[in-house]
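J.:
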Amino acid sequence: MNDKTSPASESTAESADTIIAGLEQIFSDVKDDAVMTLLLAAAKEYHLQKAESHGPDES
Amino acid sequence: MKITPIEKDAGFLRQTISDLHEQIDLLSMLQDISKQLISRFDFNNIISLFLGMVKEIIHYNAAALYLHDEQKKCWRLVDRSGADDPELDAIDIQSSIVQWILHEGRWSPLNPEHRTKNSISILPLTGAQKTMGFLLMSSHADRDVFTQSNMKLLSFVASQASIALENQTLYAQLHQSREYIENILESINNGIVTIDMENRVTQINKNATAMLGLPSADIMGTPYHDTFDAPAVAVIDAVRKRTLLDGFTPETVHDFYPTTDLKIPVAISSSLLREPDGTSIGITFVLRDMSASKEIERLRQLDELKSEFVSNVSHELRTPMSIIKSYVEAILNQVSPSDYHTQREFLHIVNNEADRLSNMVSDLLDISRIEAGKFYLDLEEVDIAAVIESVVEHLQGKSTVHTFTTDLSGSLPNITADRDKIYRVFLNVLDNAVKFSPEGGVVSISASTRDDTVTCVIADNGIGIAEPDIEHIFDKFYRADTSDAGNISGTGLGLSIVKHILEEHKGSIDIASSPGSGTSVTIILPVFADYDSGSRTDT
Amino acid sequence: MARTNLKKQLSKISDLATLPVVANNVIQITNNPKSSALEVAKAISQDAALTSRILKMANSAMYGFPQKITTINHAIVILGFANIRNLVLAASIYDMFAPNGQPQLFDRVGFWEHSLACGITSKLLAKRLGIKNIEEAFIWGLLHDLGKIVLDTYFHTDFAGVIKLVEEKNILIRDAEMEVLGYDHAEVGGIVAGNWNLPQTLIKVIRFHHAPPQANESMRLAAIVHMADIFCRAIDLGNGGDRKIPCMHPEAWELLDLDKESIKALFTEMEQEVIKSQAFLPI
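Chains as they are written, first to last, in the numbering used here: chain A, 42 to 100; chain B, 379 to 917; chain C, 338 to 620.
(1) Considering only residues of the same chain and omitting the five flanking positions on each side of residue 94 of chain A, which have a CB-CB separation below 6 Å?
(2) Could you check where the beta strand (DSSP E) with residue 324 of chain B kicks off and where it finishes?
(3) Suppose only complete runs of 4+ residues qualify. What are the alpha helix (DSSP H) ranges in the stretch 760-829 of chain B, listed by chain order?
(4) Give the single residue among C:558, C:433, C:371, C:404 whose Cα lies nearest to the Cα of residue 926 of chain B.
(5) Is the Cβ-Cβ distance between residue 852 of chain B and residue 886 of chain B less than 7 Å?
(6) Within 7 Å of any Cβ in chain A, is that where the Cβ of residue 604 of chain C sits?
(7) Hey, residue 83 of chain A and residue 468 of chain C: beta-carbon distance below 7 Å or not?
(8) For the alpha helix (DSSP H) containing residue 584 of chain C, list its first residue and its last residue.
(9) At 7 Å on the CB atoms, spell out the chain C contacts of residue 62 of chain A, in chain order.
(10) Could you check whether residue 801 of chain B and residue 765 of chain B sit closer than 7 Å to each other, using their CB atoms as the reference points?
(11) Pick helix, strand or coil for residue 632 of chain B, following the three-state DSSP scheme.
(12) Among residues of its own chain, excluding the 5 on either side of residue 564 of chain B, which ones have a beta-carbon nearer than 7 Å to its beta-carbon?
(13) Pick out whichever of C:520, C:508, C:480, C:483 has its Cα sitting closest to the Cα of residue 495 of chain C.
(14) Do you know how far the Cα of residue 376 of chain C is from the Cα of residue 425 of chain C?
(15) Grab me the residues of residue 758 of chain B's own chain with a C-beta within less than 7 Å of its C-beta, minus the 5 sequence neighbours each way, in chain order.
(16) Any Cβ of chain A within less than 7 Å of the Cβ of residue 585 of chain C?
(17) Using only the alpha-carbon positions, how far apart do residue 604 of chain C and residue 395 of chain C sit?
(18) Quick one: list the residues of chain A neighbouring residue 600 of chain C, beta-carbon separation under 7 Å, in chain order.
(19) Does residue 58 of chain A have its Cβ less than 7 Å from a Cβ in chain C?
(20) Measuring only the C-alpha atoms, how far is residue 538 of chain B from residue 361 of chain C?
(21) Which one or two residues does DSSP pair with residue 834 of chain B in a beta bridge?
(22) Quick one: what does DSSP say residue 570 of chain C is sitting in, helix, strand or coil?
(23) Rounded to whole angstroms, what is the Cα-Cα separation between residue 583 of chain C and residue 71 of chain A?
(24) Apart from the five residues on each side of it in sequence, which residues of its chain come closer than 6 Å, Cβ to Cβ, to residue 447 of chain C?
(25) Just to confirm my understanding: we take residue 486 of chain B, look at its own chain, exclude 5 residues before and 5 after, and list those with CB closer than 8 Å. What are they?
(26) Could you name the residues that DSSP lists as bridge partners for residue 642 of chain B?
(27) DSSP on residue 438 of chain B, reduced to helix/strand/coil?
(28) Terminal residues of the continuous alpha helix (DSSP H) containing residue 403 of chain B?
(29) Between C:454, C:542, C:401, C:440, which lies nearest to residue 482 of chain B when the distance is taken from Cα to Cα?
(30) Do three or more CB pairs link the stretch 798-817 of chain B to the stretch 766-783 of chain B at distances below 8 Å?
(31) Exposed or buried, residue 367 of chain C, counting other C-beta atoms within 10 Å across all chains shown (16 or more means buried)?
(32) Determine the direct distance from the alpha carbon of residue 846 of chain B to that of residue 616 of chain B, and round the result to whole angstroms.
(33) Which term fits residue 461 of chain B, buried or exposed, when burial requires 16 or more other beta carbons within 10 angstroms of its beta carbon?
(34) Just checking residue 664 of chain B against the ligand ZN - is the residue's beta carbon closer than 6 Å to any of the ligand's heavy atoms?
(35) I'd like the span of the beta strand (DSSP E) that includes residue 888 of chain B, first residue to last.
(36) What do you get for residue 495 of chain B, buried or exposed, if any count of 16 or more other CB atoms within 10 angstroms of its CB means buried?
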């Protein structure tokens, strides 16, 4: 498993796409659950918005 | 250094057990505190109870309670307790430490490191969402008040007090809202009645109680079948049934009987009251007085009075006119030119009737002037004794069965008055005395002076006036029921004009009487009076 | 390893792993409601290293006190008994299971980051639910995965097998534990917490943070940690030991019932608070 440090460095180190893909993987077993789907959507949006506010340097 | 595990210490264990027992007692005390605080709705009560409880727990020397002022957005000092403490006053409540403590919501000291005489602490009062206030306290520094149990207790008391204060605000708001709604209902010109699904009256305004002829008390909360009269119940029943079916009714007109002799047409409309989820909770009725409120009623009555008056006056005027006519015709056509005696007799009668006519016309003119606000006094120095004697002379000449006695004691001063009108006053009153002792009798007039007034009493021993009539005797058009004494003529205007004249002179008139024992009229006139508007010295 | 051996194995742990005496003393003293700040201060002061650790934690951005706290007594009266007890517990347990600087199969740094984030999130959730003692929620979140670090320390070989399986099959660590060991870290954590005489609610929360309804009267509290764990995984705060997310129990979700915007707001708050707590543990 990746050795993560603080969340702040995460968003600049990885592109938003990578994070989203990672999330999809993490949530892959629970996709049928309504609550988890909501959570996944929220998490995706959250990371996207964060990436946007950090500057358009992510691909 | 060997650190001993404390649970092996017997002394510690014993202490713990004993302390735990105390905790159990504490729980019941907490329950009491809660009950006491939450049941209060009076702001000052809550505050003083809260301060008292805190004092009992940590025995502060001085305390200051601040509450958040919603409008001014600042902390307001609401109450103090204990001695004045300058240290307490010196605390800067805007400081970052205070802010932090309030944010954390825990009872915390303000100056734990600086051991002065007193230790200062803050107990935040946190409501459901926000900090609503705090208690600043100072207690003796040598006492260690910061025990866990004190912290728990104070935290509990503070939370209960916060809830109580929040409730109190809601309660006060609710009370205000209720009053506001009631004010609105009362100011509406229509009658509003609301019933619940059990037909109990839940809301009723004054217009409605007037229209329904109900006493205002004891209607609320009772089914309308128990308090409304039968016709009203029938109407409300019918409207209610339709409302339950259709959800509302358009205006329909029905007769209501607020009193047994008063019938008013009332337009009723209604609508069903519903909860947001659709359940019916009651019905509101709007009652509209179709007689365009009581104004028309009053106007109607006044109109009737006026018609009565006009026909009355016509009759009254016609009578002396026809008498004059007949006697003059008689003189011209029937009495022999040489029958000097009969001629003189008839001419006397004509003269009297002419006087009567003239008085009546004067009365009418006066009344119309009074009504139009154009009644003026023509002031001069009047010898009141002379006026009275003049009236007596005039009336004596007209009656054979009456005797007039005058007692004008000593010297009566001259008064400032309108001579003609004062003459009319006495003429009217003395005339009434004569009229109301048709059998004849003595009419006495006495006058005296005291201080700055002249008092005259005119008394007769005639048929008297009944109590209910005395009340209304000065009313315009009022004529006492004198059916037992035969028809006594008059327009009913005289005394009201008399009263008005006397009042314009800043005087007064009073009548005492009882049936069968005569009447006594007391007239008081000031010698000098300040006449402002309403008087002029030119004709 | 069969279930029957679990108790035996764990009794071995209770000999090996005890809470430091000072931590124990502090727990005992704070259990007595009549205890005063001075008594607690005295107990802590017996361990100089702990004392300075506590002061450091008290002065951290996590509490945000606007003045420097210089004595334990001050820390106790300012932060309150519950906070101080939690600080002592956190410091002591961290010391027992600190990352040892060498690359490990089980990522201890990530573990503590995740635990800290969980503690902070639990506190936030407790606040939203109107629970008064939110400081307690912090310690529940911080110690909920105690079992994992105990397993890694005292059953290192067996636990290594678990980790390998997680990587191979990409499953939840819990599922791997059940397959390899026959029990999971929640059970282990619960037993150890019991041995250490930690508060009953804490024991329950650790034991049932993956299955809150089973916690009975402590369901709400266990649910808070359950949700905190899932939220932290959703935004990758720390390392839970696997790359999967457990499914949220519906009874737990009912307590909060958030919409998407509220969830995002919560995420933002979580990250902000985590940044503030960076100096809290010497991770």
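Positions of the beta carbon are idealized from the N, C-alpha and C atoms, including for glycine.
T.: Taking the geometry as given:
(1) none
(2) Residue 324 of chain B falls outside the range modelled here, since chain B spans only 379 to 917, and no answer is possible.
(3) 762-774, 797-813
(4) Outside the displayed range of chain B (379 to 917) lies residue 926 of chain B, so it cannot be described from this structure.
(5) no
(6) yes
(7) no
(8) Premise fails: residue 584 of chain C is in no alpha helix (DSSP H) and is neither H nor E.
(9) Residues of chain C passing the Cβ test: none, with the nearest at roughly 12 Å.
(10) yes
(11) strand
(12) 583, 584
(13) C:520
(14) 14 Å
(15) 797
(16) yes
(17) 25 Å
(18) 80, 83
(19) no
(20) 33 Å
(21) B:825, B:901
(22) helix
(23) 8 Å
(24) 575, 576
(25) 479, 499, 500
(26) B:634
(27) coil
(28) 388-416
(29) C:401
(30) yes
(31) buried
(32) 43 Å
(33) exposed
(34) With respect to the ligand ZN, the structure shown offers nothing to examine, as it has no ligands at all.
(35) 886-891
(36) exposed
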